[in-house]
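Encoded as structure tokens, the structure appears first; notes follow it.
As structure tokens, then:
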């Protein structure tokens, strides 16, 4: 069986024909080789391609090829390397299933690396390839030379050896080249051994928007666009043809006759592209730009005329567009008509520069606008100005200013040559007119010589330009009471009641109150439905007073409705007043000048008056204080002498007291100890009504401090009320207390730092007595306020005694502790209902001396009390 199979294979092999007449046909440009042979009835063949010198297999595949009518079979093979690089050997055999014939005779495609050609070469030369493709270069080194490296542009590329002298390198994803292409070159061992090739990388043709149009209904102009450049120039650039007629222009071609069908074809070394356009001539009319434009201008309108280059447009219905340009605006206006040659532009501004240009299209079967004509400029005529924007500012009862704003460019209607300001009163037919220059926008006025019997004065302003006078703008000059307004949330909020006469709204003006002349005045206009507005301005500054005025707008002159004044933030005055004094006996008359309005920087609430007496600042008062102090000093001295004598002669005094000679017809003043008060503030005990003692004048002392008074001590009003009975009249001494801001300097820094001591209003025991304005000094300089408050009440009582107001003082406004200083007082008789407090601050030395005097007074009081029957 094996022998039979071998015999079958041998016989079949004898009957499979060997391909004959093998031939090669190469195309070096496309790097393709066409292989042809005669293979009989076989359709399947094995194709083998080898590099001849190194016998490397380049291609080996089984291919199916049908024989042509001539009996030949052909196969087209594309080489990755240029065919010039090295010699290639080709062989073919027939195949039938697993059986094959013998190989055909070898056909060699000779390369340029043969030993007979000793030149150094590089391939491919000047080839054009599409962007993004890959390409293989090869270098053939000269005979007897050595290869060193291969470079593409400036990059070194790895190589593959194809033969003894040939080396190949592949470059991937090529980028579009410049007009001179990309360079690829080989280097030998020496600098002289250098050779290369140039390739061009680009794109095949591509174009869009192929359109054919007519300007005169006869000829045709076809144009198109190229969305992408091919990057190929010179003999490699794209060529075009329209309906078989060649043209060199890349964007348009002109033809003398219109055709219904148009075909555009473009090609270059990388390929070709085509587009078609089909249209009727009347649907593709695009008029040429108008020529010889001219204008005739008036103040409010202008007429633009133009001419046509072709007479065909005379009977053609056209639609034209006129573009009108000014300094800040651009508009397009459309006009239509048969053979249109002009257009009238309305609603223009007087004395304004304009520019115009025109383009047209077919009104029927409109295709598109034609190109713009050349641009021309013109100026409209001048016209009388509009009424000026006028306002007034009264800085006094009869003085003020008339102000007006400069014209906006489109309101003057021509160059302003002057302004005329006229003042008159309804009771006087005389008009006072003054002409001012166009650079003047304010004029001072004085109404004293115009107004009769304080009647209102009317002011009017007109502007003049080359065309004439503007309509007058009038307003009334009068005044109105001023209301304060607060600055809140970055603005002055103004509100008012609606006015029935304000037919066209309201005007709000504002300016600095300190300005005297040529003041910048701002104003705004609001609608008649508005009754409030917030005025904001970056020019507002703290410490500056601003005036605001509200006027009604009507068909007549504006009427002043309301005025306000306010500060964004009030500041302390920037200057002091100038004082002057005049002595009148024991009095001094002080007068001062008013602070200038620019230095006030806020609303003045009043003045604080201080008196500097030597080195100590004392509150201004009558000379009576000094007389009182002198009298009290003499009285105290006399009391000390009497006390000393009485102490020496106390037995005699007791005898005298026990046997008084009483005259019931006379009332006497005796010292009565104050009644005891418990800690609960239960009040003062009532004395018996049926007493034979004379009516007494009772004194109560009060201790005051700016700190809160402890609730366990009754207030002065309670004490006074409880001391009143039906049988006597009691008078309580109170005093004048200065405010915290009405203070002056103290001469003794130590005494100014001492803190006052709160003492009970009355004390019990034998130490009680009359103790007005009693105050204890601190135990030492470092005693705290809390310690001063915690002194026993008994100690305060034992220190009681008569202390006249011989040491009152004001706190200075310059002292650092002026807010914590005690408000000084001056004793004076008031009614029992007075609630004014007395508590002057005293120094330690004065308190020590007064303590000694108070002790003596208390001893005398106790002594006299023991003599009562």
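In this note's numbering, the protein residues as written are 374 to 1242. Heads up, the beta-carbon is just placed ideally off N, CA and C, and yes, glycines get one too.
Beta-carbon proximity check, residue i vs residue j, cutoff 8 Å
i            : j           : result
residue 786  : residue 757 : yes
residue 862  : residue 877 : no
residue 569  : residue 550 : no
residue 881  : residue 839 : no
residue 835  : residue 793 : yes
residue 656  : residue 740 : yes
residue 1244 : residue 940 : Because residue 1244 is not part of the residues shown, which for the chain are 374 to 1242, the question remains open.
residue 689  : residue 760 : no
residue 638  : residue 674 : no
Cβ neighbours of residue i in the same chain (closer than 6 Å, five flanking residues each side left out)
i           : result
residue 530 : 523, 542
residue 871 : 904
residue 754 : 671, 672
Burial state of residue i (16 or more Cβ within 10 Å)
i           : result
residue 950 : exposed
residue 972 : exposed
residue 660 : buried
residue 527 : exposed
residue 627 : exposed
residue 593 : buried
residue 732 : buried
residue 681 : buried
residue 745 : exposed
residue 965 : exposed
residue 778 : exposed
residue 710 : exposed
residue 801 : exposed
residue 810 : exposed
residue 750 : exposed
Three-state class that DSSP yields for residue i in the structure shown
i            : result
residue 1175 : With a pLDDT of only 41 at residue 1175, under the threshold of 50, the placement of this residue in the model should not be trusted, and no figure is reported.
residue 1000 : helix
residue 668  : strand
residue 705  : strand
residue 871  : coil
residue 789  : coil
residue 500  : strand
residue 402  : coil
residue 1019 : helix
residue 563  : coil
residue 570  : strand
Best match in the options for proximity to residue i [C-alpha to C-alpha]
i            : options             : result
residue 511  : 456, 416, 442       : 456
residue 672  : 726, 652, 619, 657  : 726
residue 520  : 505, 840, 538       : 538
residue 581  : 771, 667, 602       : 602
residue 315  : 945, 447, 430       : Lying outside 374 to 1242, the shown extent of the chain, residue 315 is not represented and no answer is given.
residue 683  : 676, 664, 677       : 664
residue 629  : 590, 746, 600, 760  : 590
residue 515  : 504, 532, 540       : 540
residue 752  : 678, 728, 485       : 728
residue 1324 : 469, 428, 399       : One cannot answer for residue 1324 here, as it falls past the ends of the chain, which runs 374 to 1242.
residue 812  : 722, 759, 837       : 837
residue 708  : 562, 696, 460, 845  : 696
residue 435  : 418, 451, 667       : 418
residue 493  : 566, 911, 706, 533  : 566
residue 430  : 442, 452, 441       : 452
residue 879  : 864, 662, 893, 898  : 898
residue 563  : 518, 650, 1005, 485 : 518
residue 404  : 458, 426, 1013, 686 : 458
Cut-off 8 Å between Cβ atoms - residues of its own chain near residue i, not counting five sequence neighbours on either side
i            : result
residue 508  : 497, 500, 502, 543, 544, 547, 572
residue 831  : 796, 797, 798, 799, 847, 848, 849, 850, 930
residue 495  : 510, 511, 512, 513, 557, 558, 559, 568, 569, 570
residue 393  : 410, 411, 412, 477
residue 439  : 416, 446
residue 887  : 917, 918, 970, 971
residue 1275 : There is no way to answer for residue 1275, as the model of the chain reaches only from 374 to 1242.
residue 975  : 916, 940, 943, 944, 945, 946
Sequence-distant residues of the same chain with beta carbon closer than 7 Å to residue i, five excluded per side
i           : result
residue 331 : Summary: the structure shown does not reach residue 331, with the chain confined to residues 374 through 1242, and so no result is reported for it.
residue 397 : 406, 408, 463, 480, 482
residue 506 : 547
residue 640 : 578, 611, 612
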